[in-house]
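Asker:
Protein chains: 2
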Amino acid sequence: MPSIPSKAQLMELLAHSVSTHYADFTSAAADMGLTSSQAKTLTVLRRAPASMRSLAITLACDASNMTGIIDRLEKRDLVHREVSPTDRRVKNVALTETGQKAIDTIRERMEQTQTGLDNLSDEERAELFRLLTVVFPR
Amino acid sequence: MPSIPSKAQLMELLAHSVSTHYADFTSAAADMGLTSSQAKTLTVLRRAPASMRSLAITLACDASNMTGIIDRLEKRDLVHREVSPTDRRVKNVALTETGQKAIDTIRERMEQTQTGLDNLSDEERAELFRLLTVVFPR
DNA sequence: ACTCGATGCTTGAGGACATCAAACAATAGG
DNA sequence: CCTATTGTTTGATGTCCTCAAGCATCGAGT
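Read top to bottom, the protein sequences are chains A and B.
As numbered in my numbering, residues 32 to 169 make up the first sequence, in order.
As numbered in my numbering, residues 32 to 169 make up the second sequence, in order.
Set out below in structure tokens:
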């Protein structure tokens with residue numbers, strides 16, 4: 032029977048885990064010549080195209096900030112803007128093929144996280160999944 | 032018996048959890064007028080003073096970068112530099128009382144994370160602790 | 001003691017990110 | 001229509017980040 036960690040201890044471990052994961056992500060992104068903000072943006076777009084505004088909301092930053100980030104991604108053909116057919120104020124941003132590949136590669140290259148997860152059994156992965164869902168619900 | 036999530040699903044959930052925690056931290060820091068880099072630095076110093084170099088290593092950034100971050104923290108009396116008595120090249124950085132309080136306050140104000148953890152039973156917290164230790168060993 | 005390479009920190013230049021205020025176009029509702 | 005609102009961009013300012021270069025100090029070897 033393991034001793035029960037205090038909430039503070041768990042907070043600390045959580046912080047450590049987050050730091051490690053984040054560093055892993057940032058470093059994998061840097062290998063592709065991308066900043067973590069750029070890579071985060073690609074991650075959001077991986078599922079579905081989004082308007083500038085909704086990107087800003089998802090990434091919790093100012094809309095004016097997104098302009099620069101998307102500018103730089105677009106300049107490298109990782110992403111492209113497209114005026115919404117239903118509202119001409121809106122610009123929808125979508126991944127290009129290149130962008131899709133870039134973000135997939137980054138995920139594959141997160142070695143620390145990958146090998147960490149490999150240390151879990153199937154049951155443990157299921158349990159971690161469940162617990163994380165409770166702590167960080169969508 | 033829960034179905035077993037694929038590794039990709041777990042990676043995704045992990046990314047979501049990390050984002051949420053990181054946003055929580057950043058927002059709590061911003062409430063105190065601190066950037067996340069500044070708050071991260073305070074976190075590292077919470078345990079023990081450290082030299083500029085070791086801070087840079089821990090935070091995975093260039094040493095020249097730390098100069099500016101510590102400059103700004105020192106200007107606000109959250110931290111102070113002190114020449115090492117054993118090696119005059121080295122500057123040891125330590126939290127001031129104010130800095131100690133600031134980082135404690137930030138931790139307390141991470142409400143999303145706090146309430147998330149409150150949703151776990153003691154056993155679940157112990158299990159999450161164990162699993163995270165496996166995935167992200169120190 | 002003296003030189004020399006290595007180490008610790010800072011400075012300066014240049015790019016990226018973040019926030020705010022302000023501008024502009026387009027929409028929606030009266 | 002007129003007006004308020006919304007979506008995006010621009011510009012200013014500060015922070016972060018990386019690189020190259022500089023200075024001071026240390027340590028080992030001669």
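From the three backbone atoms N, C-alpha and C, an ideal C-beta is built for every residue, glycine too.
Note that the coordinates shown come from a computational prediction; the quantities given were computed from them, not determined experimentally.
Going by DSSP in three states, Val124/A sits in which element: helix, strand or coil?
Answerer: The answer is strand: DSSP assigns Val124/A an E or B state.
Asker: What does Glu155/A touch in chain B if you count any residue whose Cβ is under 7 angstroms from its own?
Answerer: Correct list: Leu162.
Asker: Quick one: give me the first and last residue of the alpha helix (DSSP H) that Arg103/A is part of.
Answerer: Arg103/A -> alpha helix (DSSP H) spans Ala94 to Lys106.
Asker: Within its chain, find whatever has a CB closer than 7 angstroms to the CB of Asp62/B; leave out the 5 residues flanking it on each side and keep chain order.
Answerer: These residues qualify, in order along the chain: Arg140.
Asker: Is there a Cβ of chain A sitting closer than 8 angstroms to that of Ser67/B, yes or no?
Answerer: Answer no: the Cβ-Cβ gap between Ser67/B and chain A never drops below 8 angstroms.
Asker: Since Asn123/A contacts Ser82/A with CB under 8 angstroms, what's their CB separation in whole angstroms?
Answerer: Correct: roughly 6 angstroms between the Cβ atoms.
Asker: Report the three-state DSSP secondary structure of Ser58/A (helix, strand or coil).
Answerer: Three-state DSSP puts Ser58/A in a helix.
Asker: Note down the Cα distance separating Leu90/A from Lys106/B, rounded to an integer number of angstroms.
Answerer: So the alpha carbons of these two residues sit roughly 30 angstroms apart.
Asker: Quick check on the DSSP output: the beta strand (DSSP E) that includes Arg156/B runs from which residue to which?
Answerer: Counting along the chain, Arg156/B falls outside any beta strand (DSSP E), though it belongs to the alpha helix (DSSP H) covering Asp153 to Val166.
Asker: Tell me whether Arg140/A sits in a helix, a strand or coil according to DSSP, three-state version.
Answerer: If DSSP states are grouped into helix, strand and coil, Arg140/A belongs with coil.
Asker: Taking Cβ to Cβ, would you say Thr72/B is nearer than 8 angstroms to Ile100/B?
Answerer: Cβ atoms of Thr72/B and Ile100/B: closer than 8 angstroms.
Asker: Would you list the one or two residues that DSSP bridges to Ser82/B?
Answerer: DSSP, once it has assigned bridges, lists Asn123/B as partnering Ser82/B.
Asker: Within 8 angstroms, do at least three Cβ pairs link the stretch 150-169 of chain A to the stretch 153-163 of chain B?
Answerer: Contact between the stretch 153-163 of chain B and the stretch 150-169 of chain A is present, because at least three Cβ pairs lie under 8 angstroms.
Asker: Could you please tell me which residues of the stretch 103-123 of chain B, in chain order, have their CB closer than 8 angstroms to any CB of chain A?
Answerer: Flagged: no residues at all.
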